[in-house]
Structure formats: C-alpha cells, structure tokens
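S.K.: Note that the numbering used here gives residue 68 to position 70 of the sequence shown, counting from 1, and the numbers run on in steps of one.
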Amino acid sequence: MQSITVKAPGRINLIGEHTDYNNGFVLPAAIQFGATATITKRADDEIHLTAVDLEDTLIIDSLANLRVSEKQWANYLIGVIVQFVKKRKFPTGFDISLTSDVPIGAGLSSSAAIECSIAFGLNELFEFGIDKMELTFMAQKAEHDFAGVQCGIMDQFTSMFGKKDHVILLDCQNMEYQYFPLNMKGYQIILFDTGVKHALASSEYNTRRKECEEGIQFIQEKYPKIISLREATMQILNECISPANHAVVYNRCKYVVEEIERTQAAAQDLKLNNIKAFGEKMFSTHEGLSKLYEVSCPELDILIDAVKGNENVIGARMMGGGFGGCTINIVNQNHSQDVIEQAEKIYQLATGKSLTHYIVSIEDGADFV
-1 MQSITVKAPG
9 RINLIGEHTD
19 YNNGFVLPAA
29 IQFGATATIT
39 KRADDEIHLT
49 AVDLEDTLII
59 DSLANLRVSE
69 KQWANYLIGV
79 IVQFVKKRKF
89 PTGFDISLTS
99 DVPIGAGLSS
109 SAAIECSIAF
119 GLNELFEFGI
129 DKMELTFMAQ
139 KAEHDFAGVQ
149 CGIMDQFTSM
159 FGKKDHVILL
169 DCQNMEYQYF
179 PLNMKGYQII
189 LFDTGVKHAL
199 ASSEYNTRRK
209 ECEEGIQFIQ
219 EKYPKIISLR
229 EATMQILNEC
239 ISPANHAVVY
249 NRCKYVVEEI
259 ERTQAAAQDL
269 KLNNIKAFGE
279 KMFSTHEGLS
289 KLYEVSCPEL
299 DILIDAVKGN
309 ENVIGARMMG
319 GGFGGCTINI
329 VNQNHSQDVI
339 EQAEKIYQLA
349 TGKSLTHYIV
359 SIEDGADFV
C-alpha cells in the first residue's frame, strides 16, 4: 500500500458546551462536512504538505526537522506527525494532500477534522496499529502543542468515533461513551452561521479554563479530593466560592456544574424520544453560555432571540467555543424554509450582514474514502 485517501468529519455538539475540559459530559455527533487527506509514501525522507484549498505547499526536508511553521494551516498537520515520531519510526517520508469542506470559523471543528484525517491516514498507510482512542489523544495533543489551543477531547473524539444517525454521550472524565439514536423524524438540524469570529475566541477560551481551575482551587480548600467541576455540586459551590467576592469565577463554575447535569438529563430525553424537552434544555444552555460563562456575542444572541418565540424551533443555542461561529437549531422540517427566511431577515436588519445556513446530517467518523 503506497497511497491512501481518508476522510474525517467535523462535528456538531447538541448540548454540553465547555464541559469537556472540566471532565464533564458532552453530546456531540459527526457531520457530513469533513477533511479529506491523500497520503502517499515517498522514496526519500522528505515531507511534502499541500493545502489544496489554499493552493499552498510546505516542504520539510527531513523528519528530523519538524518544527512550528509560519504557515498556520501546516501546523495542524505537523503537530500530528510529531506525535507519531514520538511513538513510531517512519520508514520513509510522505506527501499529504489535504482538502476540507468544513466551514472555517463556524465552530464545526475544522481543525479536529484535519488532525484526525492525518492521524487516521498515517496510522493506516504505515500500518502502525495504533488504536482509535490513542489516535484521538494524539490529535488533541497536536492541537495543544502546535495550534496553541488547550482544547478538550470532544472534537477529536467525535471525528474519530462518530456513528451515522447517532449522538455520543461521552464522559470526558474516563472516556466511557454511549451511542444514542437521534430520531429526527419531522425535524432538521440547521446551523446559522454568524459569519464572524471575534479575535477574543482563542485567548478567552484559555481564560475560561483558568477561571474553572481557580474555582477548583477554592473548592479544594474545603474538599481537597475534588479535582474537577465534574465532582462539584451547586451546594459545594455555594459553600466554597463567594458570589460577592469572586463573582466571575462563581458564575463560570455555576454554568459548568449546571451544564454537566443538563447534558446527562438531555441524553435521557433522547432515550425517551422527548425531543421537545431536549430542545428546552438547549435554550437553557444558551442562557448560561451568554450570561454566566460569557462566551456569546451580539450576533449569536440576535440569532437565538430570532427563533426563541417560533413554535417551529424546538431548541437552539450557540455552539462551539463562542464569540462567533454558529447557532444550532432543531427545526420542524415542514417549516424550515420559513424559519430560515425569518432568521435571515432579522439578522440582516440587526447587523447589516447576510446569514449563511447549513442543514447537517449525522455521519460516521474517520474512515477510508
């Protein structure tokens, strides 16, 4: 086998936002948009990386010379390759040609799709025999070390382990997971893309992690065995963190503790095929993300307000890291066009910007093309 073509998908997350790095629960699903990589063995030690969509190439003269590149797109690939070098010996160099149809900046994990396509493809081409769970952690480490984003495990996990027409309840504390059928009969998942990505996104993401860690430090003064917000309750928060003296940290932790509980309850809603109860929890999540965790932005809030009173929208919330990207909406299929047109009109009037939307389907994780 000298060449291989693989695809790894982006993802949506129905509920459970900013809980993954707090050892909580998330409820994501893989989608039809993905990153496709063709990887070909070379006769020498060089690595040739090509971003087809950007019409850009980077040549690395040796596997020994892997380092952070000035070409930001290349770092997602190099980061994964470095993880392999730490574990296995490449017998040859290789070419990677990459293309992706995951919308950039929409909060659909375009970076995880790239990392997982490279990880899955290199593992298969060179027959390294690394299991999917380890590949998931390698892809995450690549994002930490080479992209500088201290992301949780959800994005890479979903890209690897997605299952058609199912969501995954992932326990980020121990990586146990369950598939739940997503019965969308009569409904569609529609994403409204704000078309903005505020510069705050990456820095504020890392700040939120630190604020949650600060909350744990307060808790540990009284409960030293608690190591994450997964183990906290509202009673413990109220005992250990003063809203008057530490309002920001208290609000961050309050959102996370409530969202971890909400996500587990939402999975049971799906089990009972109670899509309306599930949708109500999505609206509650957005309220928490906007008011307590403060990772929303005017454009996202406008889109939620645009659909909140619409009987044909079962649930909606901002999705992803925040400060831009998409809202995710569960919409009555028979009235989806009306909902889209109404949202477009409201968004145009409020922001002067046109609104892009995506209708998503739930697909399998990383695989051969």
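All C-beta atoms, glycine included, are put in the ideal place defined by N, C-alpha and C. Note that the structure is predicted; figures quoted are calculated from it, not measured.
Mind the definition here: the segment 158 to 167 touches the segment 84 to 95 only if three or more C-beta pairs lie below 8 Å; say whether that holds.
M.R.: no
S.K.: What does the Cβ neighbour count give for D59, buried or exposed, with the cut at 16 atoms within 10 Å?
M.R.: exposed
S.K.: Going by CA-CA distance only, name the one from A265, L270, Y291 and K289 that's closest to K279.
M.R.: Selection A265, L270, Y291 and K289 evaluated against K279 yields A265 as nearest (Cα-Cα).
S.K.: What is the DSSP secondary structure of S115, reduced to helix, strand or coil?
M.R.: helix
S.K.: In terms of alpha-carbon separation, which member of L47, I37 and S288 lies closest to N249?
M.R.: S288
S.K.: Can K69 and D51 be called in contact, C-beta distance under 9 Å?
M.R.: no
S.K.: Buried or exposed: D18, going by 16 or more other Cβ atoms within 10 Å of its Cβ?
M.R.: buried
S.K.: Contact between the segment 350 to 361 and the segment 225 to 233 is defined here as three or more beta-carbon pairs at a separation below 8 Å; is this criterion met?
M.R.: no
S.K.: Quick check on the DSSP output: the beta strand (DSSP E) that includes L168 runs from which residue to which?
M.R.: H164 to D169
S.K.: Restricting to Cα atoms, I'd like to know which of G127, I151 and G105 is closest to N21.
M.R.: I151
S.K.: Under a three-way DSSP split, which group does N330 fall into?
M.R.: strand
S.K.: Over what stretch of residues does the beta strand (DSSP E) that includes A314 continue unbroken?
M.R.: V311 to M317
S.K.: Cutting at 8 Å between CB atoms, please list the residues of its own chain near E211, excluding the five before and the five after it.
M.R.: No residues qualify anywhere along the chain.
S.K.: My output table needs one value for R9: the three-state DSSP class, helix, strand or coil.
M.R.: Strand, per DSSP.
S.K.: Among K85, R65 and F88, which has the Cα closest to the Cα of G77?
M.R.: R65
S.K.: First and last residue of the alpha helix (DSSP H) that includes L189?
M.R.: Element bounds for L189: not the alpha helix (DSSP H) but the beta strand (DSSP E), Y185 to K195.
S.K.: Give me, in chain order, the residues of the same chain whose beta-carbon lies closer than 6 Å to that of T36; leave out the 5 immediate sequence neighbours on both sides.
M.R.: T3 and S95
S.K.: Residues bridged to S98 by DSSP?
M.R.: Looking at the DSSP output, S98 shares a beta bridge with A33.
S.K.: Closer than 8 Å to a non-hydrogen atom of the ligand NAP - does that hold for the CB of K343?
M.R.: For the structure depicted, the ligand NAP is absent and the ligand set is empty, with no information on it obtainable.
S.K.: For H284, which of helix, strand or coil comes out of DSSP?
M.R.: H284 falls in the helix class under three-state DSSP.
S.K.: If A314 sits next to I300, beta carbons under 8 Å apart, how far is it from one beta carbon to the other, in whole angstroms?
M.R.: Rounded, the Cβ-Cβ distance is 12 Å, inconsistent with contact.
S.K.: Taking its Cβ as the centre, do 16 or more other Cβ atoms sit within 10 Å of I239, making it buried, or is it exposed?
M.R.: buried
S.K.: Quick check on C238: does DSSP put it in helix, strand or coil?
M.R.: helix
S.K.: Taking the alpha-carbon of Q171 as reference, which of Q138, A27 and I225 has the nearest alpha-carbon?
M.R.: I225
S.K.: Does the pairing of the segment 302 to 309 with the segment 333 to 341 give three or more beta-carbon distances under 8 Å?
M.R.: yes
S.K.: If I measure Cβ to Cβ from G146 and keep anything under 8 Å in the same chain, skipping five residues before and after, which residues do I get?
M.R.: S200
S.K.: Going along the chain, which residues of its own chain have a beta-carbon closer than 7 Å to the beta-carbon of S334, five neighbours each way excluded?
M.R.: Q186 and I188
S.K.: Determine the burial state of D129: buried for a count of at least 16 other Cβ atoms within 10 Å of its Cβ, exposed for fewer.
M.R.: exposed
S.K.: On a Cα-Cα basis, can you pick out the residue from A197, K195, D191 and V255 that is closest to I214?
M.R.: Answer by Cα proximity: V255.
S.K.: What residue range does the beta strand (DSSP E) around I45 cover?
M.R.: I45 to A49
S.K.: Is DSSP giving G322 helix, strand or coil here?
M.R.: strand
S.K.: Beta carbon of L347, beta carbon of V165: below 9 Å?
M.R.: no
S.K.: According to DSSP, is T3 helix, strand or coil?
M.R.: The DSSP-derived three-state label of T3 is strand.
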